[in-house]
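FYI, in the working numbering the residues of the sequence shown are 1219 to 2008. A quick write-up on the structure given underneath.
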Amino acid sequence: MKATFVLLGVLVCSSLTPGVIAQTTNDPNVPLAVQNIRLAVAAEQAALAAAGTNNMQPMNDGKWPFPSGTPGPGGSGEDWTNSPPPPNYSTSTNLWIQLLWPTNAEPSLILHNTSNRVPYEILGSPKANAPRTNWTCWGIWLGSPGTNTTIPISLGTNTVYFFDACIWNFGAFPNEGAADGQILLVLASNNPVVAMLNGVSNTIPRFSSNYALIDPPIYSLNLGYDASDSGNSNNSTYTNWGPQGVQGLYGFSDTITNLLLSYNPLTNLSVGGWPALQDLECWWCLDLLHANVTNCPQLIRICLESNNIQSMLDLTGDTNLEQLRIASNYKCSNIVFGATFPQLWHLCAHNNPLATNVNLTLFPDLSELWLWDAGQGGSLVLANFTNLTSVQVGNFGGARGVPNNFTSADLHQAPLLWDIEVDRNPLLTNLNVSGCGFDTNRPNKITAENCALLVTVEDAALAYLNSTGVQGGEVDFSGANNAPLDVWGLTTRQSLTGKGWEVYPDEPPGTPSISAVACNPGSNSAQISWTTDILSDSTVFYGTTTSYGFSDHDGTDVTNHLIVLSGLTTNTPYHFYVVSTNNGLAGLSWDYEFTTTGPPNTNPIYFVSTSSNVSMQVTLQGSPKATWYWGDGTNNTSSNHTFSSSGSYTNYVIISPASALISFGAACQSEPLTTLSSVSGLTNYPALQDIYFYLTGLTNLSLAGCSNLVHIALAGSNPGTNVLNGWFEDLAHAEQHMPPGNSDVCDNLLHYFFYPTSTNAQLTTNSAAARAQLTSTNMNPAWVLYAVPE
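In structure tokens, the structure reads:
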């Protein structure tokens, strides 16, 4: 089957006359016709005729028989560009060909010494008649455009040659040495010639009238291309041809694979049903309004970017598609897919106000999703897309398409994903990037400025990035509607910054910079210190969880900061962060943790001291070990301790084994006296018989479970009414189990309890029965109760 194609505005030629390779035409129907193109066998014929030895035959089917003879003057390869043919050649092996050509083209002459005309390319400009010794043909470039040049070509004797004269448009060779030749027109003899269209061999018959009749197969047609939008760089670049239209492409439809039409003023494109088409390029065709690309089963790449397609794009039947690039100048209203596209890895439809959301489940192999300003919304779900690398669904604003309004973006477990751009989605509150494949060797990016992200979402995203250990990247959570970074976000931002990341929003100028944060914990207190680069106040937020809940503040502006936390629980982990403020700008530290000192095992006796000097006393039996833990963080085996400053300190002692403890109390024989506020943990020591906290001011002590006591000295303590009455009730309950005592301050018949009386505590009727039980004559041994006034 034959088809006709017309390149309006490109060279065409006239019909051929037998015996003459080509002649000029004045046909007014030939647009931009090339005049005065003439290929003539003149000089050699004239010379041979004058000598009476005209053995050369007029050209017939492109064959020239040459008789035996000797080479002409200068031999093979001599430049005869400006020399007339010798008048006395009788057995010449040189052929003179005269060509005239227009100023907007370059000619070349191709000779073949094989009749099958193997595929060839023009790779350079040898000039004159230097042969291509490693080819089966020679190419000659003739002078400069717009000239009349006669060139001799040295030939072998008794050899049949096939030759083609070619006219080249300058656009085909912007530079000498271009990689692959694109023959635009071929001025040939009456036999078929071999032409190259984008490097593919095609058979073209002789020219007829003003058109070229081309027999398929034609595999590639390049009428405009520059590899824009990640196109194939193996195709040659043409950006300035400007044909007005291409007709009769149905003649190519069965075989053509590459159709390259970029930068052309086409208005309609119809390639529907082409069975072999693989690559369709229509980049920057601003007049293109309609495109039919349905049912092309081999189509791999569609590039219809930067044109004005106004109707929907129907891709039904194009299920082999790998790349769809349809950023169609904000006009394409919808894309119809119709089925799963198992190999599509690039989907770009940005700036198109698509009428419906794209069903992304149709593209399981998706790698790049570029849909900014495409009118998409709702939940973006791309979780577990194993080949996903880039998601760009933000908005540029202004007149560029219709903004996206995604509310959430679930991208977790996309192990290759490193480029996430969801910026300016004003309804976006949730973004899940856990498990994404950020990589030190990639330009990692999460841009989500001017969204509405929750602080927990920001914290989780930053924490995941930090956990990967990846070096370098950008994260942007700026914008008034995104939640301000909390202490966790600020903590992670500092860590990421240390790994080469840029994390926004950044701190404004004048914000105190916090450094050298340190903590010295005790059993019930902790000293927090830090420094700032400018004068600022001091605040510590702390608590047992990251909700904190407590704070201590010092409003003095300093650069060396110290806050002492008190009233902490022994052996307890705490979180804290510090804040320093100057002129309303607050610098925040990371979140830190410390643990108050505490017992390494069970059975501690806790005692809270309120005096600087503390002197405790114990009586032990056997071979015990007693370790004292003091509230300023020190520990030793001494029961005496002096604190550097007064205050309330929670201390404890561990005695091992627990059965070794016989008596426990505070010394009251020397000054200064030890003062205590509470004691607990006595229940853990079953052999304990004596306790004495005379004159300590003790306010809180529990005797519950102390079933072996025989001597209690609490005079000079200061309990409340409930505590005081509770002592008697606890003792009466435990008396049922108490054995006879053997303390050095009592005997087997009597137990002693010295208790205080004061206006702060009154014995009540609730404890009367307990007191009566303790002093009953039926009690053996009985208690002796001494009320000791203050």
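Glycine is no exception: its CB is placed at the ideal position from the N, C-alpha and C atoms. Predicted, not measured: the structure shown is a model, and the values here were computed from it.
Of the residues the options, which one's Cα is nearest the Cα of residue i?
i     : options                       : result
I1752 : S1608, P1727 and S1862        : P1727
D1591 : T1604, V1599, G1923 and A1573 : A1573
L1478 : V1640, T1604 and Q1496        : Q1496
K1663 : L1635, G1687, A1681 and E1692 : E1692
P1840 : D1770, T1813 and I1880        : The sequence given here places Gly at residue 1840; Pro does not occur at that position. Of the listed residues, the one whose Cα sits closest to G1840 is I1880.
T1579 : N1570, P1571 and T1604        : T1604
Y1766 : G1805, N1800, N1648 and Y1810 : Y1810
G1923 : N1940, G1938 and W1945        : W1945
G1865 : L1517, W1848 and W1492        : W1848
W1719 : C1737, Q1745, A1681 and N1738 : A1681
L1981 : T1939, N1577 and S1446        : T1939
N1858 : E1947, P1890, S1874 and V1782 : P1890
Y1870 : D1908, I1823, T1852 and G1535 : I1823
V1721 : I1732, P1739, G1697 and S1488 : G1697
L1629 : D1637, P1702 and G1805        : D1637
W1487 : T1455, C1521 and P1515        : Contrary to the premise, residue 1487 reads as Leu rather than Trp in this sequence. Residue C1521 is the option with its Cα nearest to L1487.
A1804 : L1531, T1852, P1702 and N1623 : P1702
L1584 : P1571, G1593, S1608 and Q1516 : S1608
L1992 : T1983, T1975, A1979 and H1951 : H1951
P1904 : P1723, G1915 and P1875        : P1875
G1535 : Y2004, L1714 and G1556        : G1556
V1832 : P1842, S1863, S1471 and T1814 : S1863
S1798 : T1774, A1988 and T1790        : T1774
S1713 : T1686, G1593 and N1700        : T1686
N1699 : H1508, C1669 and L1949        : C1669
So residue i and residue j are supposed to be a Cβ contact under 8 Å. How far apart are they, rounded?
i     : j     : result
A1567 : A1545 : 6 Å
L1657 : V1688 : One point to set straight first is that residue 1657 is Asp, not Leu, in the sequence displayed. The Cβ separation is near 6 Å, so the contact holds.
F1861 : G1883 : Not really, about 20 Å apart at Cβ, beyond 8 Å.
G1612 : R1642 : 5 Å
N1575 : G1596 : 6 Å
F1812 : C1737 : 5 Å
Q1594 : N1622 : 5 Å
L1598 : F1624 : 5 Å
Find out if the Cβ-Cβ distance for the pair residue i, residue j is shorter than 8 Å.
i     : j     : result
R1969 : V1928 : The amino acid at residue 1969 is misidentified as Arg; the sequence shows His. Result yes, Cβ atoms of H1969 and V1928 sit closer than 8 Å.
L1780 : S1743 : no
L1506 : N1476 : no
T1764 : Y1792 : no
N1943 : S1985 : yes
Y1795 : S1807 : yes
N1926 : N1821 : no
S1827 : T1893 : yes
A1666 : F1695 : yes
L1645 : A1627 : no
P1730 : T1750 : yes
L1439 : I1474 : yes
A1933 : Y1973 : yes
N1538 : I1518 : yes
W1588 : L1562 : no
L1672 : T1647 : yes
S1454 : Y1443 : yes
T1512 : D1532 : yes
S1446 : W1501 : yes
E1170 : S1524 : Given a span of 1219 to 2008 for the chain in the structure shown, any question on residue 1170 remains unanswerable.
S1769 : V1758 : yes
T1788 : T1868 : yes
What are the residues that DSSP puts in a beta bridge with residue i?
i     : result
N1869 : F1825
V1620 : A1592
Q1745 : N1738 and V1782
C1924 : The partner list for C1924 (beta bridge, DSSP) is empty, contrary to what the question assumes.
G1691 : W1719
E1586 : H1564 and S1608
S1529 : Beta-bridge pairing links S1529 to no other residue.
N1650 : D1628
D1770 : V1758
S1833 : N1858
E1811 : H1793
S1438 : N1476
Should residue i be listed as close to the ligand HEM, given that the test is whether its C-beta is under 7 Å from any heavy atom?
i     : result
Q1516 : As presented, the structure is devoid of all ligands, the ligand HEM included, so that no description of it is given.
**Study point:** Runs of beta strand (DSSP E) lying entirely within the stretch 1890-1945, each at least 3 residues, in chain order
**Key:** 1894-1898, 1908-1910 and 1929-1931
**Study point:** Uninterrupted beta strand (DSSP E) stretches inside the stretch 1657-1682 (no shorter than 3 residues)
**Key:** 1663-1665
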